[in-house]
């Protein structure tokens with residue numbers, strides 16, 4: 009089988025696992041009275057990303073072939089996700105306890121989060137082993153990851169699992185399937201048996217040498233600030249859309265009944281924007297691409313604040329469409345940027361470091377702050393997270409994050425300098 013096709017299947021399954029619950033879990037938690045726990049369920053991904061991607065990257069660089077480590081990680085992630093579904097189903101009605109659910113979810117996430125960067129490393133290694141340019145070849149492959157995410161979202165929506173724990177079972181089964189498939193991928197080289205290695209080489213810490221270059225240090229610092237935006241709408245878009253069910257004027261609209269399908273427009277946009285990345289990076293460079301991403305994040309939130317599922321549905325659609333630019337021009341372009349500045353011997357470690365900055369420090373802090381902002385402007389009533397009178401409600405929440413994105417964009421424009429940077433070896 010052609011290597012690009014094999015990696016396409018890998019990408020499809022990887023993000024189908026995530027799409028099963030990432031955008032709908034917040035709605036389920038709110039429906040069972042755990043709205044105040046949404047921030048912790050989403051921020052745990054960030055806390056795990058502080059250490060697991062870097063640790064797994066080190067292991068992949070030095071000890072275990074990447075594709076085998078990917079298989080093992082997905083096996084345990086799938087087992088714990090299935091256990092989470094079983095625990096939710098065994099709870100009576102709305103009497104769902106936070107602690108056991110959070111524990112099982114966290115255990116699954118501990119094994120899943122590292123696979124996000126590990127999949128990139130496996131793909132880069134396989135493409136380079138076949139003599140294929142990763143900047144040209146990887147984005148079209150990564151597009152199919154977004155397709156997998158969308159397909160998974162639609163399955164959850166059309167099967168009526170948006171407010172059901174069965175979304176976790178779907179994710180777990182896909183993860184186990186991917187664990188088997190990963191074993192069929194080309195072997196990833198590991199750096200074994202070298203004599204006279206330093207302590208930093210032995211533990212894979214040389215990726216941190218990227219911070220010695222001022223431009224890379226600034227890049228990683230702003231990766232943290234952009235990471236604030238990553239999961240805010242993932243965690244709260246579903247509760248936000250479902251909150252309109254409390255209003256008779258909107259309760260029967262498409263945006264409320266099929267929030268998952270509406271949100272999936274974001275991933276459709278992402279798939280299209282992925283194909284634009286090679287052109288934009290070559291034509292405009294990493295600085296302008298990141299600035300475009302930040303402006304897109306501001307528009308994403310502003311359109312949420314201005315729209316509604318009725319006559320304002322078109323604003324929600326626009327919010328979904330700009331998401332592709334916001335996410336891809338930051339996440340995927342940033343990953344490629346780091347890959348181009350990094351020697352093969354520390355490739356997995358460097359990808360883990362980038363993920364730690366974005367999905368780790370940035371996303372975890374972002375979700376904690378977002379949770380506090382949402383709690384200050386909304387209240388859970390009958391399983392719906394509705395706007396709190398006198399606070400501006402959901403509109404204020406989205407305006408706050410739109411303003412934040414614009415401030416970060418201005419700072420990035422002033423502080424980040426493009427120029428040559430030697431590959432770290």
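Numbering (our numbering), first residue to last: 9 to 433.
We treat Cβ as the ideally placed atom computed from N, Cα and C, and that holds for glycine.
**Report entry** 8 Å contact criterion, which residue 183 and residue 260 should meet: CB distance rounded
**Finding:** In the chain shown, the residue the question calls residue 183 occupies position 175. In the chain shown, the residue the question calls residue 260 occupies position 252. Actually they are not in contact, since the Cβ atoms of residue 183 and residue 260 sit about 35 Å apart, beyond 8 Å.
Query - 4-residue-minimum alpha helix (DSSP H) runs that sit fully inside the stretch 9 to 94, ordered along the chain - result: 11 to 27, 33 to 39, 46 to 57, 60 to 70
Query raised in the report: What does a CB cutoff of less than 6 Å around residue 278 pick up in its chain, not counting 5 residues either side in sequence?
Result: As a first step, residue 278 must be located in the chain shown, where it is residue number 270. Taken in chain order, the residues that qualify are 154, 332, 335, 336.
Query raised in the report: So, is residue 262 buried or exposed, given that buried needs 16 or more other C-beta atoms within 10 angstroms?
Result: Stepping through the chain shown from its first residue, residue 262 is reached at position 254. Exposed, since its Cβ has fewer than 16 Cβ neighbours within 10 Å.
Query raised in the report: Do residue 226 and residue 424 have their CB atoms nearer than 8 Å?
Result: Start at 1 with the first residue of the chain shown, and residue 226 comes out as number 218. Start at 1 with the first residue of the chain shown, and residue 424 comes out as number 416. It is a contact, given that the beta carbons lie within the stated cut-off.
Query - Touch test, the stretch 222 to 240 against the stretch 364 to 378, Cβ-Cβ under 8 Å, three pairs minimum - result: yes
**Report entry** Own chain, CB closer than 6 Å to residue 328, minus 5 neighbours either side, in chain order
**Finding:** Mapped onto the chain shown, residue 328 falls at position 320. Excluding positions up to five away in sequence, the list reads 273, 274.
Requested in this report: Pick helix, strand or coil for residue 164, following the three-state DSSP scheme.
Outcome: Numbered from its first residue, the chain shown carries residue 164 at position 156. The answer is helix: DSSP assigns residue 164 an H, G or I state.
Query raised in the report: What are the start and end residues of the beta strand (DSSP E) that includes residue 392?
Result: As a first step, residue 392 is located in the chain shown; it is residue number 384 there, counting from the start. Run containing residue 392: 392 to 395, per the beta strand (DSSP E) assignment.
Requested in this report: In the DSSP assignment, find the unbroken beta strand (DSSP E) run with residue 387 in it and report its ends.
Outcome: Position 379 of the chain shown, counting from 1, holds the residue named residue 387. Start and end: 386 to 389.
Query raised in the report: Apart from the five residues just before and just after residue 109, which ones in its own chain have a Cβ nearer than 7 Å to its Cβ?
Result: Here residue 109 is taken as the residue at index 101 of the chain shown, counted from 1. Excluding sequence neighbours, residue 109 sits near 92, 95, 96.
Report task. Give every residue of the same chain whose Cβ lies closer than 7 Å to the Cβ of residue 77, excluding the five residues on either side of it in the sequence, and list them in chain order. Result -> As a working note, residue 77 is residue 69 in the chain shown. Answer for residue 77: 64, 67, 68, 126, listed in chain order.
**Report entry** Any 3 or more C-beta pairs closer than 8 Å across the stretch 21 to 37 and the stretch 155 to 174
**Finding:** yes
Query - Any 3 or more C-beta pairs closer than 8 Å across the stretch 264 to 271 and the stretch 386 to 406 - result: no
Requested in this report: Can you grab the Cα-Cα spacing for the pair residue 386 / residue 241, in whole Å?
Outcome: As a working note, residue 386 is residue 378 in the chain shown. As a working note, residue 241 is residue 233 in the chain shown. In a straight line, the C-alpha of residue 386 is about 15 Å away from that of residue 241.
Query raised in the report: By a C-beta neighbour count over all protein chains shown, 10 Å radius and 16 as the cutoff for buried, is residue 48 buried or exposed?
Result: Against the chain shown, residue 48 aligns to sequence position 40. Under this definition residue 48 is a buried residue.
Query - Reduced DSSP secondary structure (H/G/I, E/B, other) of residue 231 - result: Your numbering for residue 231 matches position 223 in the chain shown. In the structure shown, residue 231 sits in a helix (DSSP, three-state: H, G or I).
Query raised in the report: Counting pairs of beta carbons, one from the stretch 296 to 315 and one from the stretch 411 to 424, are three or more of them closer than 8 Å?
Result: yes
Query raised in the report: Between residue 302 and residue 98, what straight-line distance do the alpha-carbon atoms span, to the nearest angstrom?
Result: As a first step, residue 302 is located in the chain shown; it is residue number 294 there, counting from the start. As a first step, residue 98 is located in the chain shown; it is residue number 90 there, counting from the start. If I take the Cα positions, the gap works out to 43 Å.
Query raised in the report: Exposed or buried, which one is residue 15 when buried takes at least 16 other CB atoms within 10 Å?
Result: Locating residue 15 in the chain shown gives position 7, counting from the first residue. So residue 15 ends up on the buried side.
Query raised in the report: What does a CB cutoff of less than 7 Å around residue 140 pick up in its chain, not counting 5 residues either side in sequence?
Result: As a position in the chain shown, residue 140 is number 132, starting the count at 1. Excluding sequence neighbours, residue 140 sits near nothing in its chain.
Requested in this report: Could you check if residue 287 is buried or exposed, using at least 16 other CB atoms within 10 Å of its CB as the buried criterion?
Outcome: Along the chain shown, read from residue 1 onward, the residue named residue 287 stands at position 279. When all chains shown are included, residue 287 counts as exposed.
Query raised in the report: Around the Cβ of residue 339, are there at least 16 other Cβ atoms within 10 angstroms (buried) or fewer (exposed)?
Result: Here residue 339 refers to the residue found at position 331 of the chain shown. It counts as buried.
Requested in this report: Classify residue 20 as buried or exposed, calling it buried when 16 or more other Cβ atoms lie within 10 Å of its own Cβ.
Outcome: Within the chain shown, numbered from 1, the residue matching residue 20 stands at position 12. Answer is buried; the Cβ neighbour count reaches 16.
Requested in this report: My understanding is that residue 248 touches residue 402, with C-beta atoms under 8 Å, so please give their C-beta distance in whole angstroms.
Outcome: By one-based count along the chain shown, residue 248 stands at place 240. By one-based count along the chain shown, residue 402 stands at place 394. That belief holds up - the Cβ atoms of residue 248 and residue 402 are roughly 5 Å apart, short of 8 Å.
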